[in-house]
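A short worksheet on the structure shown next.
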Amino acid sequence: MEWSTDGQEQRRRSADVVCLGEALALVPALPGPGTPVPGPALLAGAEANVAAGLAGAGVAAAWAGRFGRDELGAFLHAELQRRGVDVAAVEIDAERPTGCYAKVTEADADGEPRSRMSYRRAGSAASAMTPAFLDRPALRDRLSTAQVIHTSGITAALSDSCAALVHELTGRPRPGLLSFDVNWREQMWPGGDPGVVAALAGRADLVLVGGDEAERVFGTDDPVHLRRLLPHPRWLVVKDGARRALAVDRTGAAIDQPALRVEVVEPVGAGDAFAAGLLTGLVRGEPLARCLRRGHLHAAAVLTVTGDSAPMPPGDVLDPLLGAPPGDWAKIEVTAAGLAAPGGGIR
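For the sequence shown, full-length UniProt numbering gives the first residue as 1, with consecutive numbering after it.
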């Protein structure tokens, strides 16, 4: 094993947000043993999606994790760099492979798009992370100065050593916020016990959870009850699907913002995009309502593409939407063609 030596570490030793987890390659179909990847790959993986979304919004973001010394690892390393993500805290594994996955989108019983995923990540380079990974110089330097450190329940599910790493991360002193996206995936936890993820969420400063997964992990999606179960985090953000996002502080005070009307093409990656938008606003010191709107706009952009991430419109398009009166916000529609906002036209 060795560290990447692309020169970034010498140029930049800090980032506003550090995202720690596994980057995956989204491929058209899973390759057979010893065969090349069939067709072009795309960037995927929860924390990598968040890092790319942050960098695309102009936030100094770093992604930390491990790649195999293989074709997909080289692609992901280059793609993260191309998107402006700091990858100096990446470790290369000469023996274990880079993870990948493929997805097929079908209509559910209600006619809504739903994706079926197949993965090749068991024994991946990322799954070999241990708590010692946190003390590697490039990552240690970035963690010591970051405004936000972001990880998720998916990282903890990769292996026992990765669960130990996230447990160590959540227990260490930190200069800013620790953001934890629950990201509960039953298929990654053979025992089916969400207790580990629930406990990790309770040690974070900011917890993001979808209403449906809150039911599965905590036994309730009621924000008041969830706050009683999670008294420590500064904020609890509940993403209630196509209805709204609600942020509740330690006192029980709540702020909510309705979701946008979106013509959904494919849903995977929207939660990561929401996290990227929310964290963008928090890093910039914006009011929480505006941060939630950023989350909705980022998520909407990803819902209208087949990939797991999407570029955001420029600031001169976003800023009026972020500050729009509630009535105008409720009229915004997002399709693959762009944003249809009050005043007419596609942006």
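All C-beta atoms, glycine included, are put in the ideal place defined by N, C-alpha and C.
When DSSP reads this structure, residue 150 sits in a beta bridge with 19, 179. Separation of residue 277 and residue 92 (C-alpha to C-alpha, rounded to the nearest whole angstrom) is 29 Å. Residue 67: member of the beta strand (DSSP E) spanning 61 to 68, first to last residue.
For the 8 Å CB-CB criterion, residue 264 and residue 33 do not form a contact.
For the pair residue 246 and residue 325, the Cα-to-Cα distance works out to about 18 Å. Annotation: residue 22 to residue 243 spans about 29 Å, alpha carbon to alpha carbon. By the C-beta density criterion, residue 173 is exposed, having fewer than 16 other C-beta atoms within 10 angstroms. When DSSP states are grouped into helix, strand and coil, residue 271 belongs to the helix group. Less than 8 Å separates the beta-carbon of residue 138 from that of residue 89. By the Cβ criterion, the stretch 122 to 138 is in contact with the stretch 150 to 168, since at least three pairs of Cβ atoms, one from each stretch, lie closer than 8 Å.
Classified as buried, residue 280 has 16 or more neighbouring CB atoms from the shown chains inside 10 Å of its CB. Residue 96 counts as buried, since no fewer than 16 other beta carbons sit within 10 angstroms of its beta carbon. Separation of residue 150 and residue 47 (C-alpha to C-alpha, rounded to the nearest whole angstrom) is 7 Å. For residue 170, the uninterrupted alpha helix (DSSP H) run begins and ends at 160 to 171, by DSSP.
For residue 258, the enclosing beta strand (DSSP E) has its first and last residue at 254 to 258.
Residue pairing by DSSP places residue 86 opposite 62 in a beta bridge. DSSP links residue 334 through a beta bridge to 262, 339. In the displayed model, residue 108 falls within coil according to three-state DSSP, outside both helix and strand. In summary, residue 118 is exposed, with fewer than 16 beta-carbon neighbours lying within 10 Å of its beta-carbon over all protein chains present. With distances taken between CA atoms, residue 223 lies nearest to 250 out of 250, 205, 203, 197. Contact check between the stretch 73 to 86 and the stretch 38 to 55: three or more CB pairs, one atom from each, fall below 8 Å, which counts as touching. Of the residues 163, 49, 106, the one whose Cα lies closest to the Cα of residue 81 is 49. By the Cβ-count criterion, residue 314 is exposed, with fewer than 16 other Cβ atoms from all chains shown falling within 10 Å of its own Cβ. With distances taken between CA atoms, residue 206 lies nearest to 275 out of 190, 275, 213. Contact between residue 104 and residue 55 does not hold, since the beta-carbon distance rounds to 29 Å and is not under 8 Å.
DSSP, reduced to helix, strand and coil, places residue 30 outside both helices and strands of the structure shown, so it counts as coil. Taking 8 Å as the upper bound for CB-CB distance, residue 262 and residue 300 are in contact here, some 5 Å apart.
Pairing residue 124 with residue 153 gives a Cβ-Cβ distance that is not under 8 Å. DSSP, reduced to helix, strand and coil, places residue 127 within a helical segment of the structure shown.
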